[in-house]
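**Q** Chains as they are written, first to last, in the UniProt record's numbering: chain A, 1 to 105; chain B, 1 to 105. The beta carbon of each residue, even a glycine, is placed where N, CA and C say it ideally should be. Computed from a prediction, not measured in an experiment: that's the story for all the values here.
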């Protein structure tokens, strides 16, 4: 019981993070590999570029996403999942399956 | 790609549901078996009875929790997870583990 009580704030934080609109989907899209901002934006057309910027920044702050600058011509940046992000993404997969079976439109 | 786009609204709905403050924890507590309202309330002391009532009602509406009236003396009711709820609970377990490893207070 004590352990569970102690875990509460961490678990609650995680649920809140995952529950923020679009966060789960951004992680889900990045599971298929690094993406440029424009590719992320195209993958989730209903999400505005302004809100995508905000969500990606939050995910960077949580250490789930990293932005890497690629020394290419022209210089460009790519977003990818950290180890923490990949492990979270692996958990979100089963949620998609659950949604498919149980959630009705 | 088409399939993923179609799945989006369902997945998004699920993430939003799980992300609502306390929802995940209520499901987590019910994974250990049916609980009376007072037991649920005691298990999550930081959650007010008013908000617990609201969240449990939402979970009932989503078919995740059912309230059963027990023909005992005095008559009492118990909350338990449906099959849909149990399957969701099974997914939430790994999120707790992830939180324990990666989320800092």
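Chain B beta carbons: is any one of them nearer than 8 angstroms to that of residue 19(A)?
**A** Taking the first chain and counting its residues from 1, one reaches residue 19(A) at position 19. With 8 angstroms as the cut-off, residue 19(A) counts as an interface residue toward chain B.
**Q** Kindly indicate if chain B contains any beta-carbon less than 8 angstroms away from that of residue 103(A).
**A** Position 103 of the first chain holds residue 103(A). Yes, residue 103(A) lies at the interface with chain B (some Cβ there is under 8 angstroms from its Cβ).
**Q** Looking only at its chain, what residues have a beta carbon closer than 8 angstroms to the beta carbon of residue 23(A), apart from the 5 residues adjacent to it on each side?
**A** What you label residue 23(A) is simply residue 23 of the first chain in a count that begins at 1. Around residue 23(A): 17, 55, 58 and 59.
**Q** Would residue 30(A) and residue 79(A) qualify as a contact pair, given that the criterion is a beta-carbon distance under 8 angstroms?
**A** Taking the first chain and counting its residues from 1, one reaches residue 30(A) at position 30. Taking the first chain and counting its residues from 1, one reaches residue 79(A) at position 79. Yes, they are a contact pair.
**Q** How many Å lie between residue 156(A) and residue 92(A) at the Cα?
**A** A question about residue 156(A) goes unanswered here, because the residues of chain A that appear run from 1 up to 105.
**Q** Could you check whether the region 63-70 of chain A touches the region 82-91 of chain A, counting it as contact only if at least three pairs of C-beta atoms, one from each stretch, sit closer than 8 angstroms?
**A** Touching, per the Cβ criterion.
**Q** Does residue 8(A) pass the burial test, meaning 16 or more other C-beta atoms within 10 Å, or should it be called exposed?
**A** In the first chain, the residue the question calls residue 8(A) occupies position 8. Per the 10 Å Cβ criterion, buried.
**Q** Taking 8 angstroms as the CB-CB limit, is residue 99(A) close to chain B?
**A** Residue 99(A) sits at position 99 when you count from the first residue of the first chain. So, interface residue.
**Q** Could you confirm whether any beta carbon from chain A is found closer than 8 angstroms to the beta carbon of residue 91(B)?
**A** On the second chain, position 91 is the one that residue 91(B) refers to. It does; some Cβ of chain A falls within 8 angstroms.
**Q** Which residues in chain A sit within 8 angstroms of residue 87(B), going by Cβ to Cβ distance?
**A** If you number the second chain from 1, residue 87(B) lands on position 87. Chain A residues near residue 87(B): 98, 101 and 102.
**Q** Given that residue 25(B) touches chain A, what residues does it touch there, using C-beta distances under 8 angstroms?
**A** Here residue 25(B) is taken as the residue at index 25 of the second chain, counted from 1. Near residue 25(B) (Cβ distances below 8 angstroms), the residues of chain A are 8, 11, 12 and 15.
**Q** Looking at the structure shown, is residue 1(B) part of a helix, part of a strand, or coil, going by DSSP?
**A** One-based indexing of the second chain puts residue 1(B) at position 1. Because the pLDDT at residue 1(B) is just 41, under 50, the model does not fix this residue reliably, and the point stays unresolved.
**Q** For a contact meaning CB atoms closer than 7 angstroms, what does residue 84(A) contact in chain B?
**A** As a position in the first chain, residue 84(A) is number 84, starting the count at 1. Simply 102.
**Q** Given this structure, state the Cα-to-Cα distance separating residue 70(B) from residue 76(B), to the nearest angstrom.
**A** Taking the first residue of the second chain as 1, we reach residue 70(B) at position 70. Taking the first residue of the second chain as 1, we reach residue 76(B) at position 76. In a straight line, the C-alpha of residue 70(B) is about 5 angstroms away from that of residue 76(B).
**Q** Under the three-state reduction of DSSP, which class applies to residue 103(B): helix, strand or coil?
**A** In the second chain, counting from the first residue as 1, residue 103(B) sits at position 103. Looking at residue 103(B) - three-state DSSP - the assignment turns out to be coil, as it is neither helix nor strand.
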